[in-house]
Every structure is written in C-alpha cells, then in structure tokens.
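Undergrad:
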DNA sequence: AGTCGCCTCCTCCCAAAGGAGGAGGCCTCC
DNA sequence: GGAGGCCTCCTCCTTTGGGAGGAGGCGACT
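Chains as they are written, first to last, in our numbering: chain Z, 11 to 223; chain U, 11 to 223.
(1) Between Z:65, Z:209, Z:31, which has its C-alpha nearest residue 101 of chain Z's C-alpha?
(2) Should residue 128 of chain U go down as buried or exposed, given a rule of 16 or more other Cβ atoms within 10 Å for buried?
(3) Return the residue from the list Z:94, Z:191, Z:61, Z:53 that minimises the CA-CA distance to residue 83 of chain Z.
(4) Can you tell me where the beta strand (DSSP E) with residue 65 of chain U in it begins and where it stops?
(5) Using 7 Å as the limit for Cβ to Cβ distance, is residue 14 of chain U near chain Z?
(6) Give a yes or no on whether 7 Å exceeds the smallest Cβ distance from residue 141 of chain U to chain Z.
(7) Tell whether a beta-carbon distance below 7 Å holds between residue 19 of chain Z and residue 68 of chain Z.
(8) In the structure shown, what three-state DSSP assignment does residue 53 of chain U receive?
(9) Are the C-beta atoms of residue 176 of chain U and some chain Z residue less than 7 Å apart?
(10) Against chain U, which members of the region 99-113 of chain Z pass a CB distance test of less than 9 Å?
(11) For residue 133 of chain Z, decide whether its Cβ has a neighbour in chain U, counting only Cβ atoms nearer than 7 Å.
(12) What does residue 211 of chain U reach in chain Z if we use C-beta pairs closer than 8 Å?
(13) Rounded to the nearest angstrom, what separates residue 85 of chain Z and residue 181 of chain U at their Cα positions?
(14) Between which two residues does the alpha helix (DSSP H) carrying residue 77 of chain U extend?
(15) By the three-class DSSP mapping on this structure, what secondary structure does residue 125 of chain U have?
(16) Using a Cβ cut-off of 7 Å, pull out every chain Z residue sitting near residue 208 of chain U, in sequence order please.
(17) Would residue 31 of chain U and residue 38 of chain U be called neighbours here (beta carbons separated by less than 7 Å)?
(18) Starting from residue 41 of chain U and walking both ways along the alpha helix (DSSP H), at which residues does that stretch end?
(19) For residue 216 of chain U, which of U:169, U:193, U:179 has the nearest alpha-carbon?
(20) Please report the distance separating the alpha-carbon of residue 117 of chain U from that of residue 76 of chain U.
(21) Identify whether residue 185 of chain Z lies in helix, strand or coil by the three-state DSSP scheme.
(22) Quick check on residue 154 of chain Z: does DSSP put it in helix, strand or coil?
(23) Taking residue 134 of chain Z as the reference, give the member of U:110, U:115, U:119 with the closest Cα.
(24) Quick one: list the residues of chain U neighbouring residue 69 of chain Z, beta-carbon separation under 7 Å, in chain order.
(25) Using the beta-carbon of each residue, which ones in chain U are nearer than 7 Å to residue 74 of chain Z?
(26) Ignore the nearest five residues each way along the sequence and tell me which others in residue 46 of chain Z's own chain have a CB closer than 6 Å to its CB.
(27) Using CA coordinates, which residue listed in Z:192, Z:179, Z:205, Z:196 is at the minimum distance from residue 210 of chain U?
(28) At which residues does the beta strand (DSSP E) containing residue 114 of chain Z begin and terminate?
(29) Give the residues of chain Z in contact with residue 138 of chain U, contact being defined as C-beta atoms less than 7 Å apart.
(30) Mind checking residue 11 of chain U: buried by the 16 CB within 10 Å criterion, or exposed?
Dropping the structure here:
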C-alpha cells in the first residue's frame with residue numbers, strides 16, 4: 011500500500027496523474043495539493059506519505075525553491091520532481107536538493123509507472139532522454155573552449171583574479187598601480203567576454219572554473 | 011551482445027568485476043584497462059564499446075578528471091563510475107560530467123548486475139544508499155560547527171542564497187516578493203554579521219561554506 | 001608604412017549598492 | 001503590559017559599478 015501526494019496547480023494534470031497511478035499502481039492512494047502551502051500542510055499532518063510528486067512552477071513556490079522548502083520541512087519524505095523542464099542542469103539541481111527522481115511531463119504513462127515503481131522501491135529515477143541524450147553539450151562546460159577564461163587577455167585575467175578575491179575596482183587599481191578608470195575598462199571587457207551582466211556573476215563563473223581546474 | 015570495458019588499476023578488482031559480469035550478464039565481452047591512458051586507447055580503437063566502468067583513483071587520472079578526459083575524448087560513450095567513494099557530492103559531480111551511473115565498490119553482486127542491466131538498457135543508475143540515505147542533506151542549517159552563517163536569520167539566509175546565485179537586489183526583491191529596500195536592509199545585516207564590507211565578499215564567504223558542506 | 005590589438009586614461013552619465021535613521025506590525029518571552 | 005527580536009518599508013545620502021565613446025601610446029605583424 012503506497013500513499014502518494016501529487017502537488018500541481020493544474021487540476022487537469024493532477025487528475026491525469028492520479029488516473030495513471032490508479033490504473034497502473036495497485037494498492038495506492040493519491041492525495042492532491044494545488045499549492046506548495048497545501049502540500050506542506052498535508053505533509054505535516056499526513057505523516058504516512060511514501061512519496062510526493064512535486065511540480066515545478068507552483069504559484070507559491072518559484073522553481074526549485076519549493077523543493078528546498080519541502081525538503082527542509084520534511085527531510086525524510088521522498089520527493090520526485092514532475093516538470094515540463096527538460097534542462098539537464100535542472101535535474102541535477104533537483105538531485106542536489108534531495109529529490110529522489112525527476113519525471114518529465116512528457117513521459118509516457120508506462121514509463122511513468124515504471125519510474126514510480128522504481129522510486130517507491132527505494133531507487134532513484136532519472137529520465138534517460140535528458141541524462142543520456144546530450145553527448146557533447148553537458149560535459150562541454152568544463153572543456154568548453156578551454157574554460158570561459160581563454161578569451162581574456164593577460165591583464166584581464168589579472169584583474170579578474172583580484173575581483174575573485176572580493177576587491178573593489180579602487181583597490182585593484184591601487185594594487186596594480188593603474189587608474190581606476192582603467193580597471194573599469196578591463197572589468198567591462200571581462201563582463202562582455204564572459205557574457206554576464208554583473209561583477210558578481212563574473213566572479214561566480216570564474217571561481218567555479220578555478221575549483222574545477 | 012554487450013561489450014564492456016573495465017578501467018581499474020587494481021588487477022584483482024578487474025578480475026572480480028569481470029567475473030561478476032561473465033556470470034551475471036549473458037552474451038557480454040569484457041575488456042580491461044589498467045590506466046586511463048589504456049582506457050582512452052581502447053575507447054579510440056574499439057568503437058563498438060557499449061559501456062565503460064571507470065574507477066576513480068586511476069594512477070594517471072586523479073579523481074573525476076579521468077571521467078572528464080574520457081568524456082571529452084568519447085562523448086558518445088556511456089561511462090559508469092565504480093568507486094569506493096561514498097560522497098553524495100561526488101556522485102552529483104560525476105553526473106554533471108556526463109556519467110550515466112555510479113556504482114559503489116561495496117555493491118553486492120546481484121545489485122551490481124541489476125545496475126549494469128539498467129544502464130545497458132539506457133537508464134541511469136544511482137546508488138539508493140547514497141542518494142536516498144541523507145535525510146537532511148544540503149538544505150539543512152549546517153550541522154557543521156559554526157559556519158559563518160549561524161548568526162543569520164531565516165530571511166537573511168534566504169536572501170544570501172539568492173545573492174550567491176548572482177542576483178541583484180532588485181531581482182531578489184522580485185523573487186521573494188518584497189520591496190527592494192527590504193532586501194537592502196537584509197543585505198546590510200548580512201554584511202554586518204559576516205563582518206565583510208561588500209556583497210562580493212559575502213558571496214565568496216557563503217559559497218565557500220556551501221562547498222565545504 | 002599601415003593596421004590591429006592591447007593597455008592606458010579620460011569624461012559624461014545612470015544604475016546599483018550600501019549606510020543612517022526612522023517607523024509600524026507581529027511575534028514571543030517575562 | 002512591556003521589552004526585544006524580526007520583518008517590513010520608507011527617505012536621504014554617498015560610494016561603487018558599469019556603459020558609451022573617445023583618445024594616445026606601444027608593439028607585432030604584413
């Protein structure tokens with residue numbers, strides 16, 4: 011006997027999922043929630059839950075933050091993400107946040123049932139189409155054009171190194187013995203080349219790379 | 011007919027794995043490599059490979075860098091990590107690098123065969139013991155003694171989490187549905203409590219801690 | 001000799017960040 | 001019924017960050 015909770019703001023989708031489960035999973039009971047708040051309430055009161063099917067994009071929980079909140083409120087509760095999102099990175103983020111599976115909304119019903127069985131059995135389910143399909147794109151961020159930093163000139167890399175240490179333009183100027191305006195010029199060039207729009211993002215990108223190195 | 015490649019520098023382990031596969035997987039051929047270099051060579055010459063079982067800790071490939079190199083050299087080739095490492099973070103990193111599965115060396119032989127079947131079938135296999143065990147994983151407050159974040163209130167931590175993603179005050183305000191001035195108040199409090207003087211430094215501090223987790 | 005890339009610096013300008021100080025509402029604890 | 005903490009939001013202000021555009025110097029390559 012399995013007790014599932016489907017959290018999705020779309021009534022038709024909840025219905026569809028419930029139908030699939032009722033037809034495919036013997037001895038299962040399905041609860042429904044239209045919002046994260048309701049899901050949290052049900053998770054709190056109904057402790058016999060085996061699994062939550064959580065939609066991304068609930069009105070009161072933007073993106074994966076809903077998963078984070080649910081995991082925080084009920085760390086022991088298994089959560090599977092059900093989403094239209096097909097981004098590899100999203101799947102990985104969900105896993106990081108403690109999801110035990112990820113099911114694209116486009117999944118055919120037999121596969122869906124198999125996935126649920128697998129998860130209820132204590133396994134982890136990930137969509138092959140997403141996780142196995144990208145032969146080149148996924149692993150490329152690391153070897154991608156030899157790190158995002160290859161396009162930078164020596165001086166730019168030097169400035170970036172100081173940025174990564176949390177220094178301001180003024181401080182960098184002082185340390186490199188150049189004018190602050192020059193530093194700004196370099197910073198602007200760096201932002202353009204890294205295709206980001208703020209120093210913080212550039213720093214996150216760069217320090218990410220450093221760690222990967 | 012499946013053709014597998016076992017890459018491990020430990021001869022006994024290669025033998026053991028090969029034995030398990032020979033006994034458990036019908037119609038399979040197992041090649042062996044004692045180093046990453048050899049594995050790369052075999053992967054290049056032997057294009058009919060279905061799967062590589064890659065050990066972490068090969069002499070010529072420290073940690074996950076071996077996976078990265080192998081993925082770069084042969085993006086289409088499915089790779090499963092076989093390792094004694096039981097870190098959740100390692101599993102996730104392996105996935106990010108394009109591994110299609112992760113098998114702890116402590117896995118019993120039946121489970122191992124099941125996992126291989128699953129992967130050869132085009133699925134993704136992750137170890138339930140690692141991925142499902144940690145009841146309070148990442149989103150937990152930090153059981154670790156005195157991360158710099160302990161002094162922060164819930165809201166402040168929440169704001170900080172968005173800062174770490176490179177978001178501006180305005181964007182954070184939008185996402186949290188509060189006024190930008192409020193976000194600024196929180197940011198100021200965060201800077202004061204973390205004893206830093208700029209958002210960048212706060213972010214570096216915080217993301218440092220996150221990684222340590 | 002001319003061109004191109006890089007480093008340097010400037011001005012003008014606007015947006016983002018951050019401090020100071022105040023204020024109301026809602027808790028809980030005493 | 002306070003007192004204190006937290007969240008919320010405000011105004012006023014200064015500093016920092018970043019874009020646009022221009023300009024001179026220097027070295028390398030053609």
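Beta carbons are placed, not taken as given, at the ideal position from N, Cα and C, and that holds for glycine.
TA: On the basis of the coordinates in this document:
(1) Against the first chain, residue 101 of chain Z aligns to sequence position 91. For the residues Z:65, Z:209, Z:31, the minimum Cα distance to residue 101 of chain Z belongs to Z:65.
(2) Here residue 128 of chain U refers to the residue found at position 118 when the second chain is read from its first residue. Buried, because 16 or more other Cβ atoms sit within 10 Å of the Cβ of residue 128 of chain U.
(3) The residue labelled residue 83 of chain Z in the question sits at position 73 within the first chain. Out of Z:94, Z:191, Z:61, Z:53, Z:53 has the C-alpha closest to the C-alpha of residue 83 of chain Z.
(4) In the second chain, counting from the first residue as 1, residue 65 of chain U sits at position 55. Counting along the chain, the beta strand (DSSP E) containing residue 65 of chain U begins and ends at 61-65.
(5) To locate residue 14 of chain U, count along the second chain from 1; it is residue 4. No, residue 14 of chain U lies away from the interface with chain Z (no Cβ there is under 7 Å from its Cβ).
(6) The sequence position of residue 141 of chain U within the second chain is 131, counting from 1. Interface residue, yes.
(7) Translated into positions along the first chain, residue 19 of chain Z becomes position 9. Translated into positions along the first chain, residue 68 of chain Z becomes position 58. Yes. Within cutoff.
(8) To locate residue 53 of chain U, count along the second chain from 1; it is residue 43. Here residue 53 of chain U sits in helix by DSSP.
(9) On the second chain, residue 176 of chain U is found 166 positions in, with the first residue counted as 1. Yes, its Cβ sits closer than 7 Å to a Cβ of chain Z.
(10) 99, 101, 102, 105, 106, 107, 108, 110
(11) Counting from 1 along the first chain, the entry for residue 133 of chain Z is found at position 123. Closer than 7 Å to some Cβ of chain U, the Cβ of residue 133 of chain Z qualifies, so yes.
(12) Position 201 of the second chain, counted from the start, is the residue given in the question as residue 211 of chain U. Going along chain Z in sequence order, the residues near residue 211 of chain U (Cβ under 8 Å) are 176.
(13) For the purposes of this step, residue 85 of chain Z is taken as the residue at position 75 of the first chain. For the purposes of this step, residue 181 of chain U is taken as the residue at position 171 of the second chain. Roughly 29 Å separates the two Cα atoms.
(14) Here the question's residue 77 of chain U lines up with position 67 in the second chain. Here the alpha helix (DSSP H) through residue 77 of chain U covers 75-83.
(15) The residue given as residue 125 of chain U occupies position 115 in the second chain. Helix, per DSSP.
(16) Along the second chain, one-based indexing puts residue 208 of chain U at 198. Per Cβ cutoff of 7 Å: 176, 178.
(17) For this step, residue 31 of chain U is matched to residue 21 along the second chain. For this step, residue 38 of chain U is matched to residue 28 along the second chain. Going by C-beta atoms, residue 31 of chain U is nearer than 7 Å to residue 38 of chain U.
(18) By one-based count along the second chain, residue 41 of chain U stands at place 31. Not the alpha helix (DSSP H): residue 41 of chain U falls in the beta strand (DSSP E), residues 38-43.
(19) The residue labelled residue 216 of chain U in the question sits at position 206 within the second chain. Residue 216 of chain U has its Cα closest to that of U:169, out of U:169, U:193, U:179.
(20) If you number the second chain from 1, residue 117 of chain U lands on position 107. If you number the second chain from 1, residue 76 of chain U lands on position 66. Spanning the two alpha carbons is a distance of roughly 22 Å.
(21) Locating residue 185 of chain Z in the first chain gives position 175, where the first residue counts as 1. Reduced to three states, the DSSP call for residue 185 of chain Z is helix.
(22) If you number the first chain from 1, residue 154 of chain Z lands on position 144. Any reading at residue 154 of chain Z must be qualified, since the residue scores a pLDDT of 39, below 50, and its modelled position is unreliable; no value is offered.
(23) Numbered from its first residue, the first chain carries residue 134 of chain Z at position 124. The residue with the shortest Cα to Cα distance from residue 134 of chain Z is U:110.
(24) Counted from its first residue, the first chain places residue 69 of chain Z at position 59. Correct list: empty, because the minimum Cβ distance to chain U is about 11 Å.
(25) Along the first chain, one-based indexing puts residue 74 of chain Z at 64. In chain order: nothing, as chain U lies at least about 10 Å away.
(26) By one-based count along the first chain, residue 46 of chain Z stands at place 36. Once the five neighbours on either side are set aside, the close Cβ partners of residue 46 of chain Z are 68, 70, 71, 76.
(27) The residue you call residue 210 of chain U lines up with position 200 of the second chain. Here the closest residue by C-alpha is Z:179.
(28) Within the first chain, the letter at position 104 stands for residue 114 of chain Z. 111-114 is the span of the beta strand (DSSP E), which, as asked, contains residue 114 of chain Z.
(29) On the second chain, residue 138 of chain U is found 128 positions in, with the first residue counted as 1. Those within 7 Å of residue 138 of chain U in chain Z are 132, 133, 134.
(30) The count along the second chain starts at 1 and reaches residue 11 of chain U at position 1. Answer is exposed; the Cβ neighbour count stays below 16.
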